[in-house]
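Written out below as structure tokens is the structure these notes cover.
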Amino acid sequence: MTREVVRPGDDAQNRRLLLRLTGIVALGYGLGASMQAAYIYSRYVPDWAEVSVWSRIAANVAAVVVLLLVLGSLRVYRWPTAPQLFLGAVLASTVAAVCRVFVQLALGVYDEPDGLTIEAEFSAGLIIAGISSGIGMWGLLSRRRVRAELRRAEREAVEVEHVLEALEAEEVRVRREVAEGLHGTLQGKLVIVNAHLVEVIDRIRARGDHPDDVASLEWARRELDVVRELDVRQMSRLLYPERLELGVVPAVRALVGRLPMTIATKIVVAPPVREIDDPERGSLTTAQRLLAVRVVEEGVTNALKFGPASRIVVELDVQDGALVVSVENDGQPLDPSHADPDGGTARLASRLHLVRGTVTLAPLRPRGVRLEARLPL
Ligand SMILES: Nc1ncnc2c1ncn2[C@@H]1O[C@H](COP(=O)(O)OP(=O)(O)OP(=O)(O)O)[C@@H](O)[C@H]1O
Ligand SMILES: [Mg+2]
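When we follow the UniProt record's numbering, the leftmost residue of the sequence shown carries the number 1, and every step to the right adds one.
This is the structure:
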């Protein structure tokens, strides 16, 4: 067996377990044996009737005390391997058995014992002490094994958590890089192409020939601008929400601010959220912020898709150590038959599940839907 990693308190726990278990079993054996011996002798050997049961008990209790003292002072509970523990049990039991015989003689349990009697008493003491300390050692070994198992499981859980955190951080990094590539590099190139096209169009127009080509080029230029504005910029926002590095609240404001003016919007932020969302002193990681904004995106998109919603309320709160993000809208009631295992809500649920979070979609009375996600902090 490999030596377990010792933490403060382990030794004290091991010592208590070994001494208690050994002591209880040895006392049980000792008291039982004393009483039985006294009873048998008084019944079948009338001459020995006057031998006090108390002297026998006292001898056995003394042996138990010595057994525990030896185990304790040798610090057997620190010995790492099973054979070492076995050796410790034999040593302590031998000393205890010898003491037991001496105390018996001192208390006059036997008048003039012969060698055979002493040998028998020694062996009985050795067996009692041996079995008791053996049980103590067995308890100690199982406790160590269980502890080592628990610690291994703990370590693995921590490792899984670290891997997950690393993956999250990597996801955020890649998203950010791609978003910046789209927003900066690709958009920049498209703007340059656009500017060249404008030049070419102006030149052709100045020469006054090929009006059809000018119209085609104008169309291509407009298309390019739409691609740049809608596809590139929005795709970039989808990958990495605008203002996310400033916090969830600014990112949600930016997102909700892009909604059509005809939809009334409200963002309710509880004070504890402002605290954890502070970009300098807050505790929210970028991965957590990204997840929270994803929930709002999904809720808002659903509200627009399935509404028609005239009002959308986003709430951010901290409850029971979890960030609670909810999006409510009025509009169509929720149709449970439409639950989609591949839908955005289900995808969010499996993503949140990785960090032990949850997401629910529930109908509101009299009308409307509430999407609520809990993200443990
Ligand atoms: N705000 C809402 N109002 C009414 N019904 C809703 C609302 N949000 C969700 N639903 C219902 O719940 C179903 C599941 O929604 P979910 O977001 O999981 O999938 P989806 O929006 O259909 O697909 P995806 O999110 O992949 O675009 C929807 O098909 C719809 O019937
Ligand atoms: Mg959806």
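The beta-carbon is built from N, C-alpha and C at its ideal position, and this holds for glycine as well.
Remember, it's a predicted structure, so these values are computed and weren't measured experimentally.
Beta-carbon separation (whole angstroms), residue i vs residue j, contact threshold 8 Å
i       : j       : result
Val-318 : Val-327 : The Cβ separation is near 17 Å, so there is no contact.
Ser-133 : Ala-89  : 4 Å
Val-191 : Leu-239 : In fact, because the Cβ distance is near 20 Å, the residues do not count as touching under 8 Å.
Ile-201 : Val-193 : Ile-201 to Val-193, Cβ: 12 Å. No contact.
Ala-287 : Glu-171 : 7 Å
Arg-228 : Gln-187 : 6 Å
Tyr-77  : Leu-18  : 5 Å
Asn-60  : Gly-30  : 3 Å
Gly-125 : Arg-147 : Contact flag wrong, Cβ pair sits at about 32 Å.
Pro-241 : Leu-259 : Not quite, the Cβ-Cβ distance comes to about 14 Å (not below 8 Å), so this is no contact.
Ser-93  : Gly-32  : Incorrect: roughly 18 Å between the Cβ atoms, too far for contact.
Val-249 : Val-269 : 6 Å
Per DSSP, cross-strand counterpart(s) of residue i
i       : result
Glu-372 : Ser-326, Thr-360
Leu-266 : It is Lys, not Leu, that sits at residue 266 in the sequence shown. DSSP, once it has assigned bridges, lists Val-313 as partnering Lys-266.
Residue i beta carbon near ligand 1 (any heavy atom closer than 8 Å)
i       : result
Lys-305 : yes
Val-256 : no
Ala-346 : yes
Ala-339 : yes
Leu-361 : yes
Glu-315 : no
Thr-301 : yes
Ala-309 : yes
Leu-259 : no
Gly-357 : no
Gln-332 : yes
Val-369 : yes
Asp-209 : no
Glu-223 : no
Gly-343 : yes
Residue i beta carbon near ligand 2 (any heavy atom closer than 8 Å)
i           : result
Asp-180     : Looking at the sequence itself, residue 180 is Glu, so the reference to Asp does not match. Result no, Cβ not under 8 Å from ligand 2.
Glu-328     : no
Glu-372     : no
residue 387 : Nothing about residue 387 can be read from this structure; the chain reaches only from 1 to 377.
Below-9 Å beta-carbon distance, residue i vs any chain D residue
i       : result
Asp-202 : Among the chains of the structure shown, chain D does not appear; only one protein chain is present.
_Suppose only complete runs of 3+ residues qualify. What are the beta strand (DSSP E) ranges in the UniProt domain "Histidine kinase/HSP90-like ATPase" (292-340), listed by chain order?_
Counting only runs of 3 or more, we get 311-319, 322-329.
_In chain order, each alpha helix (DSSP H) run of at least 4 residues that lies wholly inside the segment 1-62_ = Counting only runs of at least 4 residues, the segment 1-62 fully encloses the following alpha helix (DSSP H) elements, listed from N- to C-terminal order: 10-44.
*asked:* Quick test of the definition: if touching needs 3 or more C-beta pairs under 8 Å, does the segment 62-71 touch the segment 16-28?
replied: The way I'd put it, the segment 62-71 does touch the segment 16-28; three or more beta-carbon pairs between them come closer than 8 Å.
*Would the segment 274-289 and the segment 253-264 be scored as touching if the rule is three or more Cβ pairs under 8 Å?*
Not touching, per the Cβ criterion.
*For the 8 Å Cβ check, are there 3 or more pairs between the segment 324-341 and the segment 284-301?*
Cβ pair count under 8 Å is three or more, so yes.
*Note down, one range per segment and in chain order, each alpha helix (DSSP H) of at least 4 residues found wholly within the segment 103-138.*
Counting only runs of 4 or more, we get nothing.
*asked:* I'd like the ranges of any alpha helix (DSSP H) spanning at least 4 consecutive residues and lying wholly in the segment 131-200.
replied: As far as the segment 131-200 is concerned, it has no whole alpha helix (DSSP H) run of at least 4 residues.
*Kindly provide the ranges of any alpha helix (DSSP H) runs that are 4 or more residues long and lie completely inside the segment 206-277, ordered along the chain.*
Secondary structure in the segment 206-277: the alpha helix (DSSP H) runs of 4 residues or longer, each lying completely within the stretch, are 211-226, 234-239, 248-257, 271-277 in chain order.
*Does the pairing of the segment 349-368 with the segment 330-339 give three or more beta-carbon distances under 8 Å?*
Proximity of the segment 349-368 to the segment 330-339 meets the contact definition, three or more beta-carbon pairs being nearer than 8 Å.
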